[in-house]
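Undergrad: Below are the structure tokens for one structure; questions will follow.
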Amino acid sequence: MRRRFAVTLAAGALAVLAVPLAAGPAAASEYNNWCPVVQLKGGAPTQTAYAHIEGDWATKYKLDPVVLLARDTYADGHNVGVRLITWQADGDVKYWSWHHYYGGDNGQDFWKSTASDTQGIKAAAVQGGVFEGSDLLASCVSSKMANPIW
Numbered sequence: 002m003r004r005r006f007a008v009t010l011a012a013g014a015l016a017v018l019a020v021p022l023a024a025g026p027a028a029a030s031e032y033n034n035w036c037p038v039v040q041l042k043g044g045a046p047t048q049t050a051y052a053h054i055e056g057d058w059a060t061k062y063k064l065d066p067v068v069l070l071a072r073d074t075y076a077d078g079h080n081v082g083v084r085l086i087t088w089q090a091d092g093d094v095k096y097w098s099w100h101h102y103y104g105g106d107n108g109q110d111f112w113k114s115t116a117s118d119t120q121g122i123k124a125a126a127v128q129g130g131v132f133e134g135s136d137l138l139a140s141c142v143s144s145k146m147a148n149p150i151w
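Counting in my numbering, the sequence shown runs from 2 upward without gaps.
Written out as structure tokens, the structure reads:
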């Protein structure tokens, strides 16, 4: 009986310790941001697209993973896009490639990747856009969020 209690107690203590270890340092460094693209439609401001980002600050130089989402919220025949914007250690801004969704109103797509920069990633934001072909018609940029590892 005593032995079973000691084994159970030891297993319980190990489980309590394992939860914070499994979460790891990236759990405290999560990144989540978004912005709506607003255009005038029929004389009224209307949300026509939505951009969202989720990620983990892995190091001073890397977001891993980073998930970008583009959602089309208005039936106007335009495609929508999303991209990452980062600020390097020297203050320079890096505009990453656009990812486009062509599926139409009330649809969305997402892209999962990593973002690494040897110049550092001190902060990040997400940009959403509404396009006619490859021409950007309207866009939004989320607030800039600092990398807490710096």
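Using N, Cα and C, we set each Cβ at its ideal position, and we do this for glycine too.
These figures come from a predicted structure and were not determined experimentally.
(1) Could you compute how far the alpha carbon of Pro66 sits from the alpha carbon of Val127?
(2) Need the endpoints of the beta strand (DSSP E) that Pro37 sits in, please.
(3) Let me know if Gly121 comes out buried or exposed under the rule of 16 or more other beta-carbons within 10 Å of its beta-carbon.
(4) When burial is assigned at 16 or more other CB atoms within 10 Å of the CB, is Asp57 buried or exposed?
(5) Which of the three DSSP states, helix, strand or coil, is assigned to Trp58?
(6) For Pro46, which residues does DSSP report across the bridge?
(7) Hey, Tyr51 and Gly129 are a contact pair by Cβ (cut 8 Å); roughly how many whole angstroms apart?
(8) Which first and last residues belong to the beta strand (DSSP E) in which His100 is found?
(9) Drop a sphere of 10 angstroms on the beta-carbon of Ser143, count the other beta-carbons inside from all chains shown, and report buried for 16 or more, exposed for fewer.
(10) Where does Gly82 land, buried or exposed, given buried means 16+ other C-beta within 10 angstroms?
(11) Is the distance from the Cβ of Val38 to the Cβ of Ala125 below 7 Å?
TA: From the atom records:
(1) Counting from 1 along the sequence shown, the entry for residue 66 is found at position 65. Counting from 1 along the sequence shown, the entry for residue 127 is found at position 126. Spanning the two alpha carbons is a distance of roughly 14 Å.
(2) On the sequence shown, position 36 is the one that residue 37 refers to. From DSSP, the beta strand (DSSP E) with Pro37 extends over 31 to 42.
(3) Residue numbering aside, residue 121 sits at position 120 when the sequence shown is read from its first letter. Under this definition Gly121 is a buried residue.
(4) Numbered from its first residue, the sequence shown carries residue 57 at position 56. Answer is buried; the Cβ neighbour count reaches 16.
(5) Taking the sequence shown and counting its residues from 1, the one referred to as residue 58 is at position 57. In the structure shown, Trp58 sits in a strand (DSSP, three-state: E or B).
(6) As a first step, residue 46 is located in the sequence shown; it is residue number 45 there, counting from the start. DSSP output for Pro46 lists Leu41 as bridge partner(s).
(7) Taking the first residue of the sequence shown as position 1, residue 51 is located at position 50. Taking the first residue of the sequence shown as position 1, residue 129 is located at position 128. Right, their Cβ atoms sit about 6 Å apart.
(8) For the purposes of this step, residue 100 is taken as residue 99 along the sequence shown, with counting starting at 1. Here the beta strand (DSSP E) through His100 covers 100 to 102.
(9) One-based indexing of the sequence shown puts residue 143 at position 142. Buried, because 16 or more other Cβ atoms sit within 10 Å of the Cβ of Ser143.
(10) Counted from its first residue, the sequence shown places residue 82 at position 81. With 16 or more Cβ atoms within 10 Å of its Cβ, Gly82 is classed as buried.
(11) Within the sequence shown, numbered from 1, the residue matching residue 38 stands at position 37. Within the sequence shown, numbered from 1, the residue matching residue 125 stands at position 124. No, they are not a contact pair.
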